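Okay, structure first, notes after.
Numbering (the working numbering), first residue to last: 1 to 78.
Structure (structure tokens):
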């Protein structure tokens, strides 16, 4: 399976030829540079898989930048 990594404006998209290659790239890339990750099917159709790879880097929405640290949210009281 092939993947296309879309990055911030002015940067070219990258094509990864395997999931292993994609995971290796995500380990070494600053997450704020990634705007979307798309799976490329054999027929040319693409599908966003950003939610699947969010733990490895990147942000859920285009344009969302890091705030510096993660903030934990307490559970809802009963």
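Every residue, glycine too, gets a C-beta built ideally from N, C-alpha and C.
Quick caveat, the model's predicted, so the values are computed rather than measured.
Residue interval of the beta strand (DSSP E) (run including residue i)
i          : result
residue 6  : 2-7
residue 38 : 34-40
residue 46 : 46-48
Assumed close pair residue i, residue j - CB separation to whole angstroms, cut-off 8 Å
i          : j          : result
residue 4  : residue 46 : 7 Å
residue 40 : residue 2  : 4 Å
Exposed unless 16 or more other CB atoms sit within 10 angstroms - verdict on residue i
i          : result
residue 37 : buried
residue 34 : buried
residue 62 : Here the model assigns residue 62 a pLDDT of 47, short of 50, so the residue's position is not dependable, and the following value carries that caveat. Exposed, since its Cβ has fewer than 16 Cβ neighbours within 10 Å.
Alpha-carbon spacing of residue i relative to residue j, whole angstroms
i          : j          : result
residue 43 : residue 22 : 20 Å
residue 20 : residue 9  : 25 Å
residue 14 : residue 26 : 12 Å
residue 51 : residue 31 : 13 Å
residue 48 : residue 17 : 16 Å
For residue i, the first and last residue of its enclosing alpha helix (DSSP H)
i          : result
residue 19 : 19-27
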